[in-house]
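In my numbering, the protein residues as written are 213 to 639.
Backbone N, C-alpha and C define an ideal beta-carbon position, used for all residues, glycine too.
In this text, all values refer to a predicted model and were calculated from it rather than measured experimentally.
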Ligand code: AMP
C-alpha cells in the first residue's frame, strides 16, 4: 500500500516524498484515513512507529483544505508533547512535511527565551507544538489563545503523566473549544490515561500498532547479574566487544549519568551525558554529536531520553534497572527502530532483582541471563527469576542467534579495557 492511496493531497504527498518515505507504517495506514475523516483516535504507539507523520500529515491536509486568514495568537492545531526534544523533532517534521503548504508553525518550550516564541505567536501560526509548562505561561500572559483550536494532539500521554504534567494538561484541556478533533497517543495505557482519554476524546477509534510485548519482541534482550561495584567494568567490557553502532546507556540519576560519562571518557571511550540539568543547548549538542557518531555512547536519564529519535542505536544498556517497569519498555524501544534489529542488556545487581522481576511480569517474558563475562555475580535466585509466577518458563525468543557482540570469549585485558574500536568514518 502506498501513501498515495491514503487520501492525502498532492501537496502533502510532496512532503512525504521530501521526507523520503515510501511505504506507510502500520499506524500511518490506519491512522491517516481516520484523522482525515475527522475522527478522534487513541493510538497505542511508541515513538519509532511513525506516529508523528500519522497525525502531522492529515492535520496539515485538514488545515490547508479549509484555508482561513491567519489570526495572531490563535492557532488552529495544538500538539502537546512532554519534552523539548520531542517538541523540536515534531516541529522539524512539520516543517519538512508541510514545505509545500502555506501553513506556519511555532515550537514552544521552556529553558529558552520567551521572546522569539511570543513574536512567532503574535505574527500568527496555524500550528503550535508545545510542552505544557511554557504554553501555560504564555497562555496566562495572553500570548496564546486556544479558543480557535480545531485539532488537538496529546502526544506521549503516559510519559506526560509520569512527568507530573497531569494538572497542566487538564488546565490546557479546559481552554480548548468544542467541537474539535482530538488525538491521543501513548505507548502504554494505564488506567489514568484511560480516564484522561474519557475526558477529552469523543467516540474515539482505538488503534493499537505496537502492543508492549511485540515492541519488546523485536529487541534481543539479556540480563547480566553483576555486583554494583563491577558494573562500570562490565560496561567497558561490553563496549569493547560491541563495536558497531551507537550505544545508549541508561542511568537512574542525573548525577550517575554524569559520573558514568566521565568515567567512560577516562577509559578512552567518547561519551556524553544528557539529562534535565543540562541547558537546552548542551542537550541539543550532545544529541547532535551522538546522532552524527562523534560520540558513540550517550548516557541518559529516562526523562532526557524520552523521544530521542536517533537511528542506528544498536545497543541499549540499562546500567541501572528502572524502578518503574514501564520505563524499561520505553528504554529498549530506543533501539530496533523501524524494523531494525537491536539489543538490550540490563545490568542487575542484587538490590535490583525485585524491580527486574516486575519488568519481566510486565512484558510477560523471561529475559535470558547472560553469564559469559568476567564479572558474573551468582544469582542465588536464578531459578526463581527464570520461573517467576505468571511467566512462561521458556524465553519468548529463541536463543539461537545469540548476542553478536558476545561471540568472543576473550577475557578482557585487566589493564585499560581499552579496546575501543572506532567505527569507520567516526572519530
Ligand atoms: P516517529 O515514531 O514519528 O518518531 O518516527 C520514527 C522515525 O521513523 C522518524 O525518523 C521518521 O522520520 C521515520 N518514519 C516515519 N514514517 C516513516 C515511513 N513511512 N517510512 C520510513 N520512515 C518513516
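Per DSSP, residue 307 is one residue of the alpha helix (DSSP H) stretching across 296-309. The C-beta distance from residue 340 to residue 287 rounds to 4 Å, short enough to meet the 8 Å contact threshold.
Not one heavy atom of ligand 1 falls within 7 Å of the beta-carbon of residue 322. If you compare the alpha carbons of 458, 561, 370 and 463 with that of residue 527, the shortest gap goes to 458.
The alpha-carbon of residue 545 is positioned some 15 Å away from that of residue 434. Residue 434 has 557 and 580 as its beta-bridge partners, per DSSP.
Annotation: the continuous alpha helix (DSSP H) that includes residue 502 extends over 492-503. Under the three-state reduction of DSSP output, residue 454 falls in the coil class, being neither helix nor strand. With contacts defined by Cβ atoms closer than 8 Å, residue 554 and residue 397 do not form a contacting pair. Counting along the chain, residue 264 sits inside the alpha helix (DSSP H) bounded by residues 263-277. Taking the CA atoms as reference points, residue 231 sits about 43 Å from residue 437.
Inclusion of residue 521 in the 7 Å shell around ligand 1 follows from its C-beta lying nearer than that to a non-hydrogen atom of the ligand. Going by beta carbons, residue 482 and residue 464 fall outside the 8 Å limit.
Looking at the DSSP output, residue 530 shares a beta bridge with 462 and 558. In this structure, DSSP gives residue 221 a state outside helix and strand, which the three-state scheme calls coil. Linking residue 497 to residue 522 through their CA atoms gives a straight-line distance of about 13 Å.
Taking all protein chains shown into account, residue 353 has fewer than 16 neighbouring C-beta atoms within 10 Å of its C-beta and is therefore exposed. Between residue 356 and the set 234, 348 and 542, the nearest pair of CA atoms involves 348. Here residue 359 is exposed. Its C-beta has fewer than 16 other C-beta atoms within 10 Å. With respect to the 8 Å criterion, residue 218 and residue 417 are not classified as neighbours on the basis of their beta carbons. Within the same chain, 299, 302, 341, 343, 367 and 368 come within 7 Å of residue 293 by CB-CB distance, once the 5 residues on both sides are set aside. Apart from the 5 residues on each side of it in sequence, residue 404 sits with its Cβ closer than 6 Å to the Cβ of 373 in its chain, given in chain order. With a cutoff of 7 Å, residue 217 does not count as near ligand 1, since its C-beta is closer than that to no heavy atom of the ligand.
Between residue 260 and residue 239, the CB-CB gap reaches or exceeds 8 Å. Residue pairing from DSSP places residue 364 in a beta bridge opposite 290 and 394. In this structure, the C-beta of residue 540 stays at least 7 Å away from each heavy atom of ligand 1. If you draw a straight line from the Cα of residue 477 to the Cα of residue 491, it comes to about 21 Å. Look at residue 341 here: in three-state DSSP terms it is strand. The bridge partners DSSP lists for residue 255 are 397 and 419. Under DSSP, residue 484 shares a beta bridge with 510.
Ranked by how close their Cα comes to the Cα of residue 361, the residues 229, 334, 345 and 338 have 338 in first place.
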